[in-house]
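Just so we're on the same page, my numbering is the position in the sequence shown counted from 1, plus 155.
Note that the Cβ used here is the ideal one computed from N, Cα and C, for glycine as well.
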Amino acid sequence: MSANKPSQTLTKLAVALLVPVVAIIALVKSFSSSGSDPALLTAEAIENRIAPVAQYNTGAPAIVLDNGKKEPLSGEQVYKNICMSCHDAGLAGAPKKGDNGAWAPRIAQGEATVLKHAIEGLNGMPARGGNPNLSDLEVHRAVVFMVNASGGKFAEPAAEGEAKKDAAPAEAAPAQTAAPAETPAAAAPVAAETPAAPAAGAVDADKALALANAKACMACHSVDNKLIGPAYKEVAAKGEGAEVLAASIKNGSSGKWGPVPMPANHVTDEEAALLAAWIASLK
């Protein structure tokens, strides 16, 4: 009995030392394996994390917006899926739905102006609320829904199909008779409207800034200060040139200003050239 006692004591001591070692190894392994998911570092995952807040639902039932939908969405559906993320809480200066005082000066600008701002974007609000798949009719319906809930009396817009049916017969006849007379006159402007990208010194700064707001560029950039992306003056100081900047604006880029990539933007070649020339002029 006495001979076995030392061996039993050594066994217990070994077990007591082994258990915490195994526990520590298990903890280290669990932490090291959960913190570096490659799926979180893809360009698509990063783009989703930095997407404008207006693209995300904040609690309303999800509505699938796709190009295959058969019927246009109602104003209330568009509001609950897109607009409410800012207009329910008044984020970034957005007028709250139901706040008649905040909406009154906007309503006074007229329905056409309010709709133009919603379609093209204004200040921090991206074009079409950040969803390019929304049609003009759906944006119009959302505007009417918000305005009429905030003291306005805008008329509900007609469905696109009905509008086209009414307009088609009236537009067909003039188009056929006017075509021969307009062809010679239209030829001259076409040749004149193919200039190269504007020089940095001749860029229309006001037009470029309005375009940057409309395309939601200012959600990630500012002229003087770094936001998500670098300040435009910092980009200009790097001296890449307007052509390189235009390509980055249209097609996106990565690795130039850190790990966060810039996604491609929905702009034409002319719009990309205008924005690039303006940014290059900010040295």
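Boundaries of the alpha helix (DSSP H) in which residue i is found, first to last residue
i: R283; result: Neither: R283 is in no alpha helix (DSSP H) and is coded neither H nor E.
i: V422; result: That residue, V422, is in no alpha helix (DSSP H); it is neither H nor E in DSSP.
i: M301; result: 291 to 303
i: H272; result: 266 to 275
i: I262; result: 255 to 263
i: G230; result: 230 to 233
i: V358; result: Where V358 is concerned, there is no enclosing alpha helix (DSSP H), given that its DSSP letter is neither H nor E.
i: E441; result: Outside the modelled stretch of the chain, which goes from 156 to 438, sits residue 441, for which no answer is possible.
i: H376; result: Premise fails: H376 is in no alpha helix (DSSP H) and is neither H nor E.
i: C238; result: Where C238 is concerned, there is no enclosing alpha helix (DSSP H), given that its DSSP letter is neither H nor E.
Beta bridge counterpart(s) of residue i as assigned by DSSP
i: A408; result: Note that residue 408 corresponds to Ser in the displayed sequence, not to Ala. Beta-bridge pairing links S408 to M417.
Cutoff 6 Å; reference residue i; Cβ partners in own chain excluding five residues on either side
i: V390; result: I434
i: H295; result: L270, P312
i: G245; result: K251
i: G265; result: none
i: A297; result: G230, V233, Y234, C238
i: F412; result: The sequence given here places Trp at residue 412; Phe does not occur at that position. Correct list, in chain order: P385.
Cβ-based neighbour list, residue i, same chain, cut-off 8 Å, excluding 5 preceding and 5 following
i: L292; result: P227, P312, A314, E315
i: D254; result: G245, S305
i: A247; result: C241, N278, G279, M280
i: A333; result: Note that A333 scores 42 on pLDDT, short of 50, meaning its location in the model is unreliable; the coordinates nonetheless yield the value given after this. Here the set comprises nothing.
i: K362; result: L429
i: A217; result: Low per-residue confidence applies at A217: pLDDT is 42, beneath 50, and the placement is therefore not dependable enough to give any value.
i: K184; result: none
Residue i: CB within 7 Å of a non-hydrogen atom of the ligand ATP
i: K252; result: Questions concerning the ligand ATP fall outside what the structure shown contains, since it holds no ligand whatsoever.
Beta-carbon spacing of residue i, residue j below 8 Å
i: F300; j: E231; result: yes
i: G306; j: I237; result: no
i: G276; j: K370; result: yes
i: A427; j: V358; result: no
i: K405; j: N420; result: yes
i: V378; j: K388; result: yes
Own chain, CB closer than 7 Å to residue i, minus 5 neighbours either side, in chain order
i: N380; result: A386
i: A257; result: P250, K251
i: N303; result: F309
i: L382; result: C375, H376
i: V283; result: It should be noted that the sequence gives Arg, not Val, for residue 283. Excluding sequence neighbours, R283 sits near I274, L289, V294.
i: A360; result: W433
Checklist entry - Taking contact to mean at least 3 C-beta pairs separated by less than 8 Å, is the region 399 to 418 in contact with the region 362 to 369? => result Cβ pair count under 8 Å is below three, so no.
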